[in-house]
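**Student:**
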Amino acid sequence: TAPVAPASSTSSSNSNAGTRTCILQPSADRTAGFALSGKTAPPYVICQVERGSPAEKAGLLINDAVLSINGKSVTETTYEETVKLIKEALQKKNVELVVRER
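When you number the sequence shown by full-length UniProt numbering, it's gap-free, plus one each residue, and the end is 102.
Quick look at the structure:
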């Protein structure tokens with residue numbers, strides 16, 4: 001049988017070309033271990049992923065553009081609104097991020 005990936009590192013391809021869904025399980029202190037660059041227009045790009053972090057385990061990569069957070073599109077939100085949505089999402093058990101490689 002094929003090996004099964006642990007739930008904390010779930011990543012799957014999406015039907016939209018180049019996009020994938022990453023399920024992130026926040027750490028006990030409700031952090032994710034990644035940073036967004038606010039220097040561009042939306043969608044905002046991941047500029048840092050900490051080793052061993054929930055973000056790395058979920059399959060997030062530097063230069064991924066974040067398209068949605070728990071089903072809410074962030075392709076037309078401000079940087080501040082996007083960060084607020086991420087912080088709110090981190091209070092839940094799982095955070096679903098749809099990202100596109102850049």
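We treat Cβ as the ideally placed atom computed from N, Cα and C, and that holds for glycine.
On a Cα-Cα basis, can you pick out the residue from 48, 80, 50 that is closest to residue 41?
**Tutor:** 80
**Student:** Can you give the Cα-Cα distance for residue 73 and residue 96, rounded to whole angstroms?
**Tutor:** One C-alpha to the other measures close to 11 Å.
**Student:** Pull up the distance between the alpha-carbon of residue 91 and that of residue 98, whole angstroms please.
**Tutor:** 18 Å
**Student:** Residue 14 by DSSP, collapsed to three states: which one?
**Tutor:** Summary for residue 14: the model assigns pLDDT 45, below 50, so the residue's position carries little reliability, and this model does not support an answer.
**Student:** I'd like to check one pair, residue 54 with residue 32: are the Cβ atoms closer than 9 Å?
**Tutor:** Result yes, Cβ atoms of residue 32 and residue 54 sit closer than 9 Å.
**Student:** How long is the line joining the alpha carbons of residue 66 and residue 100, rounded to whole angstroms?
**Tutor:** Their Cα atoms are separated by approximately 7 Å.
**Student:** With DSSP as the reference, label residue 55 as helix, strand or coil.
**Tutor:** Helix.
**Student:** Is it true that the CB of residue 57 sits closer than 9 Å to the CB of residue 24?
**Tutor:** yes
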